[in-house]
Amino acid sequence: MKLDNTDKKLLNIIQAEVSLSREPFAALGLRLDVNGDEIIRRIKRLKEEEIIRQIGPVFNPRRLGYQTTLVAMKAATGLLDEASQIISAHPLVSHCYKRDHDFNFWFTLAMPAKEDLESEVQKLGNRIKADATLNLPAVKVFKIGAYFNLGEGDSRPPLRAFTFPSLRAKRGNLISLPHQDCHRAYAPCNDNKRSYPSASDVSIEHSNSLNADSGLLSIDRAVINELQQDLPLIERPFDSMSAKLSINVGEFLSYCQALSQHRIMRRFSASINHNKLGFTANAMACWKVPPDMVDSAGKKMATFPEVSHCYARQTSSLWPYNLFAMIHADSKNANKVIASKISAETKLDKNDLVLLFSTREIKKVRVRYPV
């Protein structure tokens, strides 16, 4: 599909922010000098072309009382289709990929903090008949989230205290959001009377020990549950949501903005299929890093615009790699060059690096977290 300049500018905006306002598509139209109906028409077409996956909230699962982990399995080739069906059907799996490694089946899993995550991982491993299973929860987050700049003017919303780096690529620019700043792109909240637990995403997080939902009131939970859907492509999409909760739309949007302001909702935006934009080579780079170098190396990796996600993770006897970075490029060779550059600039031994290329996307959705 050929994108015109307005399509590109629209994609630049909505992957960072869709406004939490009564008429969000009209608001987008004002920025692009077209009417709201035209914005809806274009978004429908971009969805049909599978460029836009969905529009909705991205919540911090830990702030909702969930724990998360990355799971890797050794699955027999003949069982991969069945394994894919099992994992695709799991409501709390957001991402699942086949990768070119002995550990060939990778997915992210969330569970309520009060439930036994390790037990669920083992149950899934047994169902898939995996030869080996790894449970690799994050212990520190250095960076999360990617922004793919299509290069037709700068239509992004203004950001406070952060300037995007840029990467010139063959078919566009990849711009990544450092984790501690990605929430700053969104609407300020005027509700200063509420008290939520403080966010601590960037500091050490042991996913099995955190249950940070104590600040959520019943109305917060109702709004969160209602908001977790693909935004209807109609003029006033929030009206029906607020009506279901028997509150007016202004009040509903005020609660949404409070969730954003307090970092419970990371952003409200479109999920973009980066493969459709030319970023077809995606590698998970994993390094064995001495404990005293993890912080400095992770912070340095987070400055690379080609890196969308960077985590320190727990290791196991079968997996000694403790620092992970997702690298996006338009070719495998470009991924390798970037990984080598990262190794050099972080002073890590390139022999302590393994690159796992995605060979099949099995599932990529925004998980719905019932609260």
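Under this note's numbering, the letters of the sequence shown match residues 6 to 376, in that order. From the three backbone atoms N, C-alpha and C, an ideal C-beta is built for every residue, glycine too. The structure displayed is predicted, hence computed values, not measured ones.
With the cut-off set at 8 Å, would you say residue i and residue j are in Cβ contact?
i, j, result
"F362", "D105", "yes"
"A344", "A302", "no"
"L328", "V359", "no"
"H100", "T113", "yes"
"A307", "F153", "no"
"N109", "V126", "no"
"E240", "E53", "no"
"K377", "I56", "In the structure as shown, the chain starts at 6 and stops at 376, and residue 377 therefore has no counterpart that could be examined."
"V76", "R318", "no"
"L236", "N17", "no"
"I347", "R58", "no"
"V376", "L221", "yes"
"H279", "H333", "yes"
"Y374", "A115", "yes"
"P142", "T74", "yes"
"A275", "I19", "yes"
"I92", "I269", "no"
"Y102", "R365", "yes"
If we ignore side chains and look at the alpha-carbon of each, how far apart do residue i and residue j end up?
i, j, result
"T138", "T351", "30 Å"
"A80", "R132", "11 Å"
"D357", "L69", "36 Å"
"V294", "V312", "17 Å"
"S24", "F273", "7 Å"
"Q262", "S322", "44 Å"
"A32", "N230", "25 Å"
"L264", "G130", "35 Å"
"S247", "V228", "8 Å"
"F284", "S26", "32 Å"
"P296", "F243", "47 Å"
"E22", "D136", "42 Å"
"K128", "K134", "10 Å"
"R371", "A349", "35 Å"
"R67", "M331", "21 Å"
"F30", "D12", "14 Å"
"Q234", "T320", "35 Å"
"A377", "S251", "As shown, the chain starts at 6 and ends at 376. That puts residue 377 outside it, with no answer to give."
"K355", "Y71", "35 Å"
"N10", "M78", "43 Å"
Can you look up residue i in the DSSP assignment and give me helix, strand or coil?
i, result
"N287", "strand"
"K79", "strand"
"N10", "helix"
"K175", "Note that K175 has pLDDT 32, beneath the 50 cutoff, so the model's placement of it is unreliable and no number is given."
"K352", "coil"
"P296", "helix"
"Y152", "strand"
"E87", "helix"
"Q59", "strand"
"I239", "coil"
"V376", "coil"
"S24", "coil"
"L361", "strand"
"S251", "coil"
Determine whether the Cβ of residue i lies closer than 8 Å to any Cβ atom of chain C.
i, result
"P62", "No chain C is part of this structure, which consists of one protein chain only."
Can you give, in chain order, each stretch of the alpha helix (DSSP H) that sits fully within the segment 103-145 and has at least 4 residues? List check, alpha helix (DSSP H) in window: 122-133.
Touch test, the segment 81-88 against the segment 37-54, Cβ-Cβ under 8 Å, three pairs minimum: no
Taking contact to mean at least 3 C-beta pairs separated by less than 8 Å, is the segment 245-260 in contact with the segment 47-56? no
Count Cβ pairs between the segment 57-65 and the segment 120-128 that sit closer than 8 Å; are there 3 or more? no
Could you pull out every unbroken alpha helix (DSSP H) segment of at least 4 residues lying fully inside the segment 297-340, listed in chain order? Correct list: 299-306.
Scan the segment 33-59 and note each continuous alpha helix (DSSP H) run of 4 residues or more that stays entirely inside, going in chain order. 41-53
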